[in-house]
Structures are given as structure tokens and as C-alpha cells.
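Just remember that this note's numbering sits 43 ahead of the position in the sequence shown, which is counted from 1.
The beta carbon of each residue, even a glycine, is placed where N, CA and C say it ideally should be.
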Amino acid sequence: MTYLAKNYNRKKISFKYGKGSYLFSTDNKKYLDFVQGIAVNSLGHAHPKLVKTIRDQSKKLWHVSNAFQIPEGEKLARKLCKKTFADYVIFQNSGAEATEAAIKVARRYFYSIGKTNKNKILCVRNSFHGRTLAAIYASGSKKMTEGFGPKVSGFDHFVFGDHKSLKKKITKNTAAIMVETIMGEGGIKVIPDWCLVELRKLCNKKKILLILDEVQCGIARSGDFFAFEKSKVKPDIVPIAKGIGGGFPIGAVLMNKKVAAGMTPGTHGSTFGGNPLAMAVGNSVMDIVSNKRFLKNVKDISKYFLLKLNNLKNVYPNTIKNIRGKGLLIGIQLHTDQTIFIKKLMDNKLLTIRAAENVVRILPPLNVKKNEVNQALKIINKVCKELN
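If you want it as C-alpha cells, here you go:
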């Protein structure tokens with residue numbers, strides 16, 4: 044019997060410890076973990092530097108209120124701002140909280156300049172921005188919002204890739220456009236650089252804000268620190284989480300000086316967000332993943348992985364429909380049932396997770412080794428051969 048609520052359909056497997064790219068189950072089986080907490084464990088399991096950071100910081104200070112200055116948070120905020128477009132950071136505990144904060148920052152900005160009518164956020168239908176009430180209605184997904192009425196207003200939606208629909212949905216009440224630079228849960232769909240450029244131009248023309256949700260695709264997951272960097276676009280607001288904590292719960296919203304001016308004392312807060320223990324971990328992760336050599340390695344291993352997966356697609360065209368993604372945020376879109384495919388991968392000791400549009404999501408740690416990628420490819424090939 045379990046006393047946990049049944050809001051998760053959990054697989055009948057549990058783990059006692061992890062090391063790097065691997066998880067070891069309670070029945071002593073070794074699995075190659077290409078879920079990594081859904082793109083959370085950016086440096087794999089039990090990374091020595093993160094273990095040391097937590098051990099050292101835990102002996103000093105875990106938590107103090109944001110009523111006081113927190114030097115570890117000041118240090119991480121400075122690193123994030125120096126590395127990115129941002130001028131200011133508000134720390135949170137999760138991606139959903141970071142998204143909520145991003146929505147608040149956008150609305151508060153227009154309120155602060157006397158344009159209180161501009162309070163609607165335009166999002167992609169069937170996107171994913173978290174599980175809070177506002178975030179599920181931002182997604183525009185009937186499945187996610189079913190049973191959670193009344194509807195949270197303030198969100199409009201357009202279809203992914205439908206630029207005419209996007210332009211028509213912008214009204215005098217639109218405050219911002221919010222999109223995932225790479226849609227994760229939505230099926231590993233990448234917004235092209237040219238499209239990001241056009242979004243920025245459109246926002247400038249309409250005098251609205253651009254929010255790029257990089258909760259899943261940010262923090263080196265794409266091979267660049269942020270997935271939008273190659274486009275040279277500068278967003279106004281970016282929520283982040285997942286990889287920045289390397290497994291420790293951290294979220295944040297990054298913003299430019301213009302929009303940050305509206306966030307005066309009392310407009311937003313968090314009990315645990317920015318606590319010393321989380322910030323110490325975030326600083327250690329940041330030191331590793333922002334390194335140019337580290338980022339180059341992510342790109343190199345990604346290029347190899349995607350090439351080999353596309354080769355498999357050519358060998359098994361009746362099983363694999365498409366290979367999607369960027370960096371180490373990879374999707375295998377199938378003709379066959381993803382549930383069966385994922386189960387067979389797990390039976391062969393490779394852990395993956397589903398996404399929309401019949402996609403198998405592959406999320407190795409960013410420091411994954413080539414021999415581990417080859418091991419995964421061997422398993423994927425075996426499963427494709429069985430199902431072909």
C-alpha cells in the first residue's frame with residue numbers, strides 16, 4: 044500500500060543510488076539514465092563538486108529569510124547577468140514558480156507605466172509552462188486544465204508555426220508573447236533562429252514584451268548557455284530552472300532593466316527562493332556549465348548523437364518518423380506506440396521519457412561520455428530491430 048496520491052503513474056522501479064549517467068535500482072540492476080530527472084541533473088548523479096559544495100555549505104548555513112542579504116545569491120545573480128542579456132534576477136524554487144514570476148513581471152511593468160489594460164500573455168497552444176493554475180491556462184491545453192476551473196483569464200493562444208494566427212491574436216490588451224525556445228513536453232519542437240528574430244521585431248513594433256521560457260532548454264542543454272543565443276535576440280524576460288541546480292531545486296526569472304523597474308519591494312517574494320544552500324549549488328553548476336570547453340563538448344557529443352540517430356531513422360523508416368531537437372534535448376518521433384518503445388528501452392536498461400506527438404524524449408547529462416551514447420544507440424537499435 045502507498046500513502047502517496049495517485050497523480051503519478053509511476054513505473055514499478057525505484058533506485059538506491061546514482062553515479063554519473065547511471066542509476067542503480069533497489070534490486071541491484073544498472074540503468075543508463077537518459078531522463079536525469081527530466082533535464083534536471085545537468086551534471087549527472089552525485090557529481091563530486093556538487094557533493095562537496097552541499098557538504099561544505101550545509102555545515103555553515105542552510106536557510107535565512109530574504110529579509111536579509113544573501114551573499115551566495117548575490118554571487119549567482121552576478122554570474123547569470125554577466126553571462127546573459129539580464130540586468131536583474133529573482134530566485135525561485137522551480138520552473139513553474141519562475142514562469143509565474145515572469146508573468147507577474149510582465150504585467151507589473153505595464154501597470155507601473157500606467158498601461159493597466161495591457162495584461163494578457165500570448166502563448167503557443169499546447170505548450171508547457173508548469174503545473175500551477177496560471178501556468179496550465181497559459182499552456183492552452185484542454186487536457187491540463189480539465190477539472191481545474193474556473194478558467195484563469197489573461198491568456199490568448201496561437202498555433203505553433205502559424206504566424207498569421209500569431210499576428211491576429213495581438214490586441215491592445217497584449218502585454219507579452221511567451222514561448223518555449225524549444226518545446227519540451229510539447230514534442231521537442233525547436234523555434235528556428237529566424238523565427239525568434241521575427242518575434243523580437245514583432246514585439247518591438249507592437250511595443251510588447253518577449254518572454255522566452257528556457258526552463259528545460261536553457262543552462263547549456265542546447266549546447267549554448269541559452270537556446271536563443273545563436274539568434275542574437277535579446278528577450279525581456281527569461282524564466283529558468285531545472286539544470287541550474289544540477290538536481291537541487293532552483294528556479295529564477297531573468298529580466299532586463301526596463302521591466303525590472305516595476306518590481307518594487309513587496310511585489311513578489313519567496314520563502315525558500317534564493318536560500319544559501321541552493322545558491323551555493325547553483326554557483327558550482329554555473330562555474331562548470333558556462334565554461335566554453337564544456338559547451339563545445341555538449342555540441343560535439345550532440346552532433347555525434349544526432350547523426351547516429353538519423354542513421355537509425357534511415358535504417359528503420361517504418362519505426363522512426365523523425366529525429367528532433369538541439370544539443371542534448373533530443374526527441375525520437377515514432378510511427379509505433381511510444382509506450383511500448385519506452386518500455387522496451389527500459390527492459391534493456393535505458394531510461395527515457397515521453398513527450399507529445401508520439402515522441403520519446405532523450406535527456407542525458409550534459410557531461411555524458413561518448414561510450415555511454417554508444418551504449419544508448421546500441422539499445423535503441425536493438426529495440427528498433429525488434430519492432431521493425
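Taking C-alpha positions only, Q418 is separated from Q135 by approximately 36 Å. Given a length threshold of 3 residues, each whole run of the beta strand (DSSP E) inside the segment 386-429 is given here in chain order: 396-398 and 402-405. Looking at the backbone, the Cα of K118 and that of A323 are separated by about 9 Å. Rounded to whole angstroms, S137 and A284 show a C-alpha spacing of 6 Å. Where P282 is concerned, there is no enclosing alpha helix (DSSP H), although the beta strand (DSSP E) around it starts and stops at I280 to I283. Runs of the alpha helix (DSSP H) spanning 4 or more residues and lying entirely within the segment 276-321 occur at 300-303, in chain order.
In the displayed model, Y154 falls within a helix according to three-state DSSP. DSSP, read as helix, strand or coil, puts F337 in helix. Under the criterion of beta carbons closer than 8 Å, L86 and L393 do not qualify as touching, at roughly 20 Å. DSSP places M44 in the coil class of the three-state scheme, outside both helix and strand. Counting C-beta pairs with one atom in each stretch, the segment 216-225 and the segment 145-154 have three or more that are closer than 8 Å, which means they touch.
If you draw a straight line from the Cα of F153 to the Cα of V416, it is about 47 Å long.
The C-alpha of Y180 is placed about 16 Å away from the C-alpha of M226.
The segment 280-297 makes contact with the segment 112-132; the number of CB pairs closer than 8 Å reaches 3 or more. About 6 Å separates the Cβ atoms of L409 and A263, confirming a contact at the 8 Å cut-off. Cβ atoms of C427 and L355 come within 8 Å of each other, at about 6 Å. Per DSSP, A263 lies in no beta strand (DSSP E) and is assigned neither H nor E. Beta-bridge partners assigned by DSSP to M221: C166 and I254. When the beta-carbon positions are compared, T175 and E140 come within less than 9 Å of each other.
Listed in chain order, the alpha helix (DSSP H) runs fully inside the segment 53-111 are 79-82 and 91-101, counting runs of at least 4 residues.
Distance from the CA of V240 to the CA of D99, rounded to the nearest whole angstrom, comes to 44 Å. Under the three-state reduction of DSSP output, Y180 falls in the helix class. H90 and I366 have their alpha carbons spaced roughly 30 Å apart.
If you look at L372, you'll find it in the beta strand (DSSP E) that goes L372 to L377. Beta-bridge annotation (DSSP): F268 is not paired with any residue.
Less than 9 Å separates the beta-carbon of F77 from that of P407.
Sequence-distant partners of L320 (beyond 5 residues in either direction) whose C-beta falls short of 8 Å from its own C-beta, in its chain, are I97, Q100, S101, L104, W105, H106 and F291. The DSSP-derived three-state label of G138 is helix. In the three-state reduction of the DSSP assignment, D199 falls in the strand class.
A Cβ-Cβ contact shorter than 9 Å links G261 with G286. Under the 10 Å beta carbon count, Q112 is surrounded by fewer than 16 other beta carbons and is classified as exposed. Under the three-state reduction of DSSP, Y51 is assigned to coil, being neither helix nor strand.
Contact check for I375 against I405 passes: the beta carbons are separated by less than 9 Å.
Within the same chain, and ignoring the five residues on either side of T188 in sequence, the residues whose Cβ sits closer than 8 Å to its Cβ are I179, Y180, S182 and K194. Counted as a single uninterrupted DSSP element, the beta strand (DSSP E) harbouring R367 occupies residues I363 to K369.
Distance from the Cα of L253 is smallest, within the candidate group K277, F268, I373 and G230, for K277.
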